[in-house]
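Residue numbers (this note's numbering): 521 to 721.
Here a beta-carbon is modelled for each residue, glycine too, at the ideal position from N, C-alpha and C.
These figures come from a predicted structure and were not determined experimentally.
Contents: one structure, followed by commentary.
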C-alpha cells in the first residue's frame, strides 16, 4: 500500500476505534433517557404546516431515537398530532415502529400499564429489508389514538405515582409482542405543543 494511503487510513481507523470506545452502555443510555428534560423534548418537536396539506402535523420524532445502532433493529416510538383544517378536529397518536428479524408482528391492539384502556392499532406501513441468508428485517409502522383529555390524565397519574416512564405493549397476531415507552417529559412537551399549535386563533 502506498505511504500516502497508509497515512490516510490511520486517522480513519483511529476514528472508528474512538467511536467504539465512547459508545454508551445500555445502562448509561437508559440513564440519559430518564434524565432528559421537558425543554430537551420540546426542542425536538417538529411542526409541519404546509397550506397545501389538509392538516397541520406536530410530532416528537426528533426528540429521542430509541435505538443505538443503524445496523441493528430500529424500533422507536414518538408522539404525533393532527389538526384538520376543514373541520378543526384534533387527532393525537402514538407512532410505534417494530423491526423484527424473520417475522411480522401483525399488530392488533395496545395495552398500557395504567390509565388508558386497551385500543386497536392500525398498521400504516410495512417493509422487508436488510435481507441475508439469516432472513430479513421486517419493519412495521403502526399507530394508536388517544384524546387530549387522556393525555392530561396520563400525566396526572404518572406524577401522582412518581413515575418517569409510561409503558405500553403492542400485541400481534404472530405471537410476538412489542414493548415501548414514553418519558413523562416527552408527554408534557407534546401536550404544550398541541395546545400552542392547535389552539383556536
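In whole angstroms, give me the CA-to-CA distance for residue 635 and residue 675. Residue 635 and residue 675: Cα-Cα distance of roughly 10 Å.
Counted within 10 angstroms of its Cβ, other Cβ atoms place residue 712 as buried (16 or more) or exposed: Flag for residue 712 reads exposed.
Where do the ends of the alpha helix (DSSP H) carrying residue 626 lie? Neither: residue 626 is in no alpha helix (DSSP H) and is coded neither H nor E.
Uninterrupted alpha helix (DSSP H) stretches inside the segment 635 to 695 (no shorter than 4 residues): 668 to 681
Residue 715: buried (16+ other C-beta within 10 angstroms of its C-beta) or exposed? exposed
If the criterion is Cβ atoms closer than 9 Å, does the pair residue 703 and residue 628 meet it? It is not a contact, given that the beta carbons lie outside the stated cut-off.
Could you please give the first and the last residue of the uninterrupted beta strand (DSSP E) stretch that includes residue 617? 610 to 621
Leaving out five residues before and five after residue 623 in sequence, what residues of the same chain have Cβ atoms less than 7 Å from its Cβ? 658, 694 and 696
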